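The sequence shown maps to residues 18 to 159 in our numbering. All C-beta atoms, glycine included, are put in the ideal place defined by N, C-alpha and C. Note that this is a predicted model, so its numbers are computed, not measured. In what follows, a single structure is set out as structure tokens and then discussed.
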Amino acid sequence: MQSSPSNKEQHTGITWLLMLAAVLFVGFLVLLCGGFVDGESQSTQGRDSLYGRFVDDRTQPTLTKTQWLNKLAQCISPSMVRLNIITCPVRDFKKSIGEPDDIQALGDQSYWLYYCSDGVIQLELETSALSVGLMQGTINYY
């Protein structure tokens, strides 16, 4: 005949079961609330209506296209900006303007995208020139 588990064994099993349920419940709450990043709630995130991508409110584009182009004109010749042409060293460009928000490549062309508060500026660049540290291409506005 089998003996029934002792009272102590039953309490130990129930304790482990309750602890497991508590851990799962806390994990579910964290997932439900969106988790945490760097100690802050992710409640500042949402879908950007202009670009349809998820962004953090703290990194919303603040420059307009005109302001961005004026900033570019300080890095390269203003006449080149007016002609929608870009030619400068990548290092100098990134130092003045910063990293692109998005990069795409198609064939021999690379596309650097900068999101502005009123649209997108796309730099259409020669991939072969980029490989030697030079930006050569055209500026497109959307």
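Going by DSSP, which residues form a beta bridge with residue i?
i: Asn157; result: Gln139
i: Leu151; result: Pro106
For the putative contact between residue i and residue j, defined by C-beta atoms under 8 angstroms, what is the C-beta separation to the nearest angstrom?
i: Gln238; j: Leu130; result: The question about residue 238 has no answer here: the residues shown for the chain are numbered 18 through 159.
i: Thr144; j: Ala122; result: 7 angstroms
i: Leu151; j: Val107; result: 7 angstroms
Tell me which residue opens and which closes the alpha helix (DSSP H) that residue i is part of.
i: Pro106; result: Where Pro106 is concerned, there is no enclosing alpha helix (DSSP H), although the beta strand (DSSP E) it sits in stretches over Ile102 to Pro106.
i: Leu123; result: Per DSSP, Leu123 belongs to no alpha helix (DSSP H); it is in the beta strand (DSSP E), Asp119 to Leu123.
Does the Cβ of residue i have 16 or more other Cβ atoms within 10 Å, making it buried, or fewer, making it exposed?
i: Phe42; result: exposed
i: Trp85; result: buried
i: Gly154; result: buried
If you draw a straight line from the alpha carbon of residue i to that of residue j, how long is it in whole angstroms?
i: Val149; j: Asp125; result: 14 angstroms
i: Tyr132; j: Ala90; result: 17 angstroms
i: Thr79; j: Ser134; result: 6 angstroms
i: Asp109; j: Asn157; result: 20 angstroms
i: Ser127; j: Glu141; result: 6 angstroms
i: Thr32; j: Gly115; result: 55 angstroms
i: Val137; j: Ser94; result: 21 angstroms
Tell me where the beta strand (DSSP E) around residue i begins and ends.
i: Ser127; result: Gln126 to Cys133
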